[in-house]
Amino acid sequence: MNIVEKLHSDSTPSGNAQADNALWSQPNKFARPPGIEVNGASVTIHGYQEFEISPRNIRPRPMDQPLRRKKKLAQVFFEPDFLAGKTVLDIGANGGFFSFWACQNGARQVVSLDMDKAYLALIREAQAVLGWRRIRPIHAKLQNWQEPADLVLAFAMVHWLYSCTANYGSLEAVVAKLAGLTRSILLIEWVAPDDAAILGFKHTEWNPGVDKAGYNVEAFEGALRQHFHKVEAIGPTSATRMLYACRRQCHEVTLHPHLPMLAPAEQVISSRCLCDYKETKYYSRVYAEASTDRIIKQTTLGLALHEAEILKRLQGEYFPRVVSAEQRSGYSVVIMERIHGAELAESLAEVASSPTRLAAFLREGLAVLSQLRIAIVRHRDIRLENLWVRNGHPVLIDFGWAETEDEAYLSPGGLGGLERIPEGPTCDVYSMGRVFEQIIPQNSKLFAPLLDRMLDPEWARFEPITELEQILGNLSLPEKWDVPLVFPVPRHAAARPGAQPIRTGVLAAEAARFWKRCRGYYRKVFRPSRPSR
Ligand SMILES: C[S@@+](CC[C@H](N)C(=O)[O-])C[C@H]1O[C@@H](n2cnc3c(N)ncnc32)[C@H](O)[C@@H]1O
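Just so you know, the sequence shown maps onto residues 10 to 542 in the numbering used here.
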């Protein structure tokens, strides 16, 4: 344990009866009591998490709406194709819902970490009933754990770690610790300062002496971006909680057996399952070719060939050049030019160095749309990660799902990602607007007239590119930014400001019960024993 870790693990008070009985030593004190029911090969777990599990199924019980919501939002990270061969660290595993789910869907090994022995005993017992062996229940505090994993889960943990059961004292320190444990992806739930649990138990108010950065969403998102390559707000888990997915690596590499390897593993740039559509799973793998100027893209069925056909309609520096393409048995391959540049997300400071520099880049973004229209191509998956920057200019990639106006193509559900228009078929103008929104510094209103137009769903469908060019041309832009260079975190429609908060009857009733319990406890235990620092 290094000195910082030691400080964090030692600083919660202990050693007297009152402290041993306090929230920081018994974090589940006010949750539903833990319990287990075994019925043949099925198990029901009770407590903070309420769920039922059998060898092939797992489902939250109806009373546990937050768990249902988390399951729905986290689904893509629990797909068997995604989990195959991966290790998982479930921090604050509690009854083990996410550990069991990951194990059921093929994770190689799962560590269920919790400081509460009673819950770990439930996990052990349930695992024995199911006859599984890949879950390691570990009784430890997060601050004393050093072993990294591919997928790390930190649901409903950040407020505990900040200054209650651990004492990182700043969101930056909490996120740094979690990033150090994450090889690939961290799923983390933000718990806002006005959350009922925090208002009741004051998790964040302990040890004010070490609270350096403040407990707020700006500091949280800032820390995520500092430590991760890519950060996305996936969606709200309640009115005051939000789930984020944070990636350490630029590309996902899952070496699944569904596509034969065309080159040694060291040459694989990315490899993943794209989607499950009409009972066919579509996979993609990209290799660096021996020549540094080309990549090989291999995809299920005719997807790569289709991409090549679409790209042949588009010429110029905004689109990758195709060298060759062919159909093979069960998959197709396209060899195309390698874009020597960087993802747009990594080039924000350069592209948005000043309002006029950004305006020039946005103008080229509109030119990309205009060329698509001339070629009567709809990309349908314009999103931040599909735009690259080469010598300061945009390049649009990934035409696998594109279609022409005269010929429809496959339309899997997730097309368009976070940038998709809220309703109806995809719309390239709207999606480009969502990309623009992410590269304009947060709080700057300089480009509002352009964004307002592009993000008006009805209007965007008319594809008014000439008018957009005029709006952009008419903006009077200062030489320097009026705001700091901070960029917004991309959000799903449901996670955007102004989206309807999730309030269910169950949540409201739980909050009321919670308040009742917490008022008494807070008066009795916390006030008299409050540490001086
Ligand atoms: C609010 S529950 C969240 C459970 C689960 N992650 C979920 O979202 O459904 C917090 C859990 O984290 C555990 N916990 C709190 N602080 C911890 C720490 N510093 N180290 C390890 N476990 C901790 C608690 O015992 C509890 O089971």
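Backbone N, C-alpha and C define an ideal beta-carbon position, used for all residues, glycine too.
List the DSSP bridge partners of residue i.
| i | result |
| --- | --- |
| Phe60 | Ile54, Pro69 |
| Leu252 | Glu198, Gly244 |
| Val404 | Trp397 |
| Ile144 | Val119 |
| Gly101 | According to DSSP, Gly101 bridges with nothing at all. |
| Asp285 | Lys290 |
| Gln336 | Ser341 |
| Arg500 | Ala242 |
| Ala297 | Ile304 |
| Glu3 | Missing from the structure shown is residue 3; the chain here goes from 10 to 542 and no further. |
| Thr96 | Gln118 |
If distances are taken between C-alpha atoms only, which option among the options comes closest to residue i?
| i | options | result |
| --- | --- | --- |
| Leu129 | Phe39, Lys306, Gly56 | Gly56 |
| Asp407 | Glu394, Val226, Glu488 | Glu394 |
| Ser280 | Glu359, Val295, Ala317 | Val295 |
| Arg143 | Ala40, Arg347, Val119 | Val119 |
| Gly433 | Leu131, Ser179, Ala469 | Ala469 |
| Asn225 | Ser179, Pro269, Ile132 | Ser179 |
| Thr174 | Ala205, Lys489, Asp125, Glu198 | Asp125 |
| Val1 | Thr213, Leu122, Arg192, Leu190 | Nothing about residue 1 can be read from this structure; the chain reaches only from 10 to 542. |
| Ser293 | Ala274, Ala313, Ser300 | Ala313 |
| Gly442 | Leu455, Phe456, Lys454, Leu460 | Leu460 |
Classify residue i as buried or exposed, calling it buried when 16 or more other Cβ atoms lie within 10 Å of its own Cβ.
| i | result |
| --- | --- |
| Arg337 | exposed |
| Asp302 | exposed |
| Ala137 | exposed |
| Asn103 | buried |
| Gln235 | exposed |
| Gly244 | buried |
| Asn216 | buried |
| Ser341 | buried |
If you follow the beta strand (DSSP E) that residue i is part of, which residue opens it and which one closes it?
| i | result |
| --- | --- |
| Ser121 | 118-123 |
| Thr475 | Thr475 -> not in any beta strand (DSSP E); alpha helix (DSSP H) instead, spanning 474-483. |
| Ile385 | Counting along the chain, Ile385 falls outside any beta strand (DSSP E), and DSSP gives it neither H nor E. |
| Val342 | 340-346 |
| Thr45 | Per the sequence presented here, residue 45 reads as Ile, with Thr not at that position. Looking at the DSSP string, the run of the beta strand (DSSP E) that includes Ile45 is 44-48. |
| Ala163 | 158-163 |
May I have the straight-line CA-CA distance separating residue i from residue j, to the nearest angstrom?
| i | j | result |
| --- | --- | --- |
| Trp410 | Glu428 | 15 angstroms |
| Met10 | Gln58 | Summary for Met10: the model assigns pLDDT 35, below 50, so the residue's position carries little reliability, and this model does not support an answer. |
| Pro364 | Leu486 | 6 angstroms |
| Lys287 | Gly422 | 10 angstroms |
| Glu478 | Arg372 | 7 angstroms |
| Glu181 | Thr413 | 46 angstroms |
| Phe471 | Pro403 | 23 angstroms |
| Lys186 | Met251 | 20 angstroms |
| Leu396 | Ala317 | 18 angstroms |
| Thr263 | Arg41 | 38 angstroms |
| Pro450 | Asp491 | 9 angstroms |
| Ala272 | Pro266 | 14 angstroms |
Between which two residues does the alpha helix (DSSP H) harbouring residue i extend?
| i | result |
| --- | --- |
| Thr308 | Where Thr308 is concerned, there is no enclosing alpha helix (DSSP H), although the beta strand (DSSP E) it sits in stretches over 303-309. |
| Gly442 | 437-448 |
| Lys186 | 180-190 |
| Glu230 | 226-236 |
| Asp491 | Unbroken run through Asp491: none, as it is neither H nor E. |
| Pro89 | 89-92 |
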